[in-house]
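For the sequence shown, counting from 1, position 26 maps to 163 in our numbering; every step adds exactly one.
No residue lacks a Cβ here, since even glycine has one placed at the ideal position from N, Cα and C.
As the structure is a prediction and not an experimental result, all values here were calculated from the model.
Following: one structure in structure tokens, then a few remarks.
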Amino acid sequence: MSDVDQEKLSIIMQKRGISFSDLATPAKGEIAKVFGAGGGTQIKLGISVSWYEKMGLLKKIK
């Protein structure tokens, strides 16, 4: 990740009051069963997926 992106990420994290530990421990929960669907797992990340991609933690699979 570039120095510019590192600085931007630090600013975002500071404004939201989150740490790198928060980024490493996403919230998980069961998807509510509505209209017969659901039952899966929902994951809430600490920041936008694009930041996880920039850090090399996630990548798009085609």
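Coil, strand or helix - residue i by DSSP
{"i": "Ala164", "result": "strand"}
{"i": "Lys181", "result": "strand"}
{"i": "Val186", "result": "helix"}
{"i": "Leu146", "result": "helix"}
{"i": "Val171", "result": "coil"}
Nearest to residue i (by Cα), restricted to the options the options
{"i": "Ser139", "options": "Lys199, Met192, Lys197", "result": "Met192"}
{"i": "Ile149", "options": "Glu190, Leu195, Ile184", "result": "Ile184"}
{"i": "Lys145", "options": "Lys197, Ala169, Trp188", "result": "Trp188"}
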